[in-house]
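S.K.: Chain order of the listed sequences is A and B.
Just so you know, we're using my numbering here: the first sequence kicks off at 1 and counts up by one.
Just so you know, we're using my numbering here: the second sequence kicks off at 115 and counts up by one.
Glycine included, each C-beta is placed from N, C-alpha and C at the ideal position.
Once you've had a glance at the structure underneath, I'll fire off some questions.
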Amino acid sequence: QKEVEQNSGPLSVPEGAIASLNCTYSDRGSQSFFWYRQYSGKSPELIMSIYSNGDKEDGRFTAQLNKASQYVSLLIRDSQPSDSATYLCAGWGGNTSGTYKYIFGTGTRLKVLA
Amino acid sequence: GAVVSQHPSRVICKSGTSVKIECRSLDFQATTMFWYRQFPKQSLMLMATSNEGSKATYEQGVEKDKFLINHASLTLSTLTVTSAHPEDSSFYICSARPFGQGAHQPQHFGDGTRLSIL
Numbered sequence: 001q002k003e004v005e006q007n008s009g010p011l012s013v014p015e016g017a018i019a020s021l022n023c024t025y026s027d028r029g030s031q032s033f034f035w036y037r038q039y040s041g042k043s044p045e046l047i048m049s050i051y052s053n054g055d056k057e058d059g060r061f062t063a064q065l066n067k068a069s070q071y072v073s074l075l076i077r078d079s080q081p082s083d084s085a086t087y088l089c090a091g092w093g094g095n096t097s098g099t100y101k102y103i104f105g106t107g108t109r110l111k112v113l114a
Numbered sequence: 115g116a117v118v119s120q121h122p123s124r125v126i127c128k129s130g131t132s133v134k135i136e137c138r139s140l141d142f143q144a145t146t147m148f149w150y151r152q153f154p155k156q157s158l159m160l161m162a163t164s165n166e167g168s169k170a171t172y173e174q175g176v177e178k179d180k181f182l183i184n185h186a187s188l189t190l191s192t193l194t195v196t197s198a199h200p201e202d203s204s205f206y207i208c209s210a211r212p213f214g215q216g217a218h219q220p221q222h223f224g225d226g227t228r229l230s231i232l
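This is the structure we're talking about:
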């Protein structure tokens with residue numbers, strides 16, 4: 001069973017701090033990973049994608065991928081209360097009848113305290 | 115770019131009614147779309163993968179006669195919940211993956227449909 005695992009949290013950080021969200025995966029064949037933010041009652045919103053080892057930065061967000069250790073992380077700098085949401089890690093995997101699908105983690109709930 | 119439109123955003127109807135939900139990719143073509151269901155405080159659950167011009171692939175435990183999927187064009191997939199009952203009340207979300215742009219493309223999600231069956 002191919003899996004993506006995340007700590008469900010909640011992860012509480014003070015406003016202005018760095019929030020660090022982590023994700024591990026079991027399928028060494030997975031090549032691409034994605035971080036989504038989901039506010040309560042809303043659908044997921046894509047934040048970052050990463051498929052090369054190392055860091056990828058976009059504004060206050062940095063995604064990190066380490067294929068040897070099979071983990072993906074998301075750093076949020078200068079965290080704001082508006083960043084409070086559930087963050088989902090996903091990777092392509094699971095070949096069902098020749099069609100690939102996302103393997104989602106359960107999500108980490110982030111609370112940024114004002 | 116990569117906008118997915120889902121309609122309607124909310125449906126309230128009586129038990130026994132059939133409900134159709136549309137998912138459109140507005141600025142890209144998608145041979146593959148995905149339908150998810152999410153109950154409160156739970157993770158997204160993939161229901162089925164919708165393939166343009168062919169039958170959908172359903173996840174284990176999802177009744178294909180209950181949840182009818184049609185993917186008639188490269189920009190439109192529909193999910194019909196037939197004879198809906200209160201236990202079908204949930205948040206239904208579609209997503210689409212751009213066609214022909216390599217293995218690293220993400221899924222783009224619609225805004226979701228909140229279905230309430232009375």
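By the criterion of Cβ-Cβ separation under 7 Å, what are the contact partners of serine 204 of chain B in chain A?
M.R.: Within 7 Å Cβ-Cβ: nothing; serine 204 of chain B doesn't reach chain A, min ~12 Å.
S.K.: Using 10 angstroms around the beta-carbon of tyrosine 87 of chain A, count the other beta-carbons present and answer buried if the total reaches 16, otherwise exposed.
M.R.: Classification for tyrosine 87 of chain A: buried.
S.K.: What residues from chain A crowd round serine 157 of chain B, counting only those whose CB sits closer than 7 Å?
M.R.: Phe104, Thr106, Gly107, listed in chain order.
S.K.: Between isoleucine 152 of chain B and the rest of its own chain, which residues show a CB-CB distance below 6 Å, the 5 nearest in sequence each way excluded?
M.R.: For the record, residue 152 of chain B in the displayed sequence is glutamine; it is not isoleucine. Answer for glutamine 152 of chain B: Leu158, Phe205, listed in chain order.
S.K.: Under a three-way DSSP split, which group does aspartate 78 of chain A fall into?
M.R.: Aspartate 78 of chain A falls in the coil class under three-state DSSP.
S.K.: At 9 Å on the CB atoms, spell out the chain B contacts of lysine 2 of chain A, in chain order.
M.R.: What lysine 2 of chain A touches in chain B: nothing, since even the nearest Cβ is about 13 Å away.
S.K.: Per the DSSP calculation, asparagine 53 of chain A is bridged to which residue(s)?
M.R.: BP columns for asparagine 53 of chain A are empty, so no partner.
S.K.: Under 8 Å, Cβ to Cβ, is there at least one residue of chain B near leucine 74 of chain A?
M.R.: It does not: the Cβ of leucine 74 of chain A has no partner Cβ on chain B nearer than 8 Å.
S.K.: Could you check whether the stretch 125-138 of chain B touches the stretch 191-199 of chain B, counting it as contact only if at least three pairs of C-beta atoms, one from each stretch, sit closer than 8 Å?
M.R.: Yes: the two stretches touch, three or more of their Cβ pairs being nearer than 8 Å.
S.K.: Does chain A have any CB closer than 8 Å to the CB of proline 122 of chain B?
M.R.: Proline 122 of chain B does not count as touching chain A.
S.K.: Less than 8 Å between CB atoms is the rule here; does leucine 229 of chain B satisfy it with respect to chain A?
M.R.: No, because no Cβ of chain A sits closer than 8 Å to the Cβ of leucine 229 of chain B.
S.K.: Is histidine 218 of chain B near serine 69 of chain A, with beta carbons less than 8 Å apart?
M.R.: Going by C-beta atoms, histidine 218 of chain B is not nearer than 8 Å to serine 69 of chain A.
S.K.: With DSSP collapsed to three states, give me the class of aspartate 83 of chain A.
M.R.: Residue state, collapsed to three classes: helix.
S.K.: State the DSSP-derived secondary structure class of aspartate 225 of chain B, mapped to helix, strand or coil.
M.R.: Aspartate 225 of chain B falls in the coil class under three-state DSSP.
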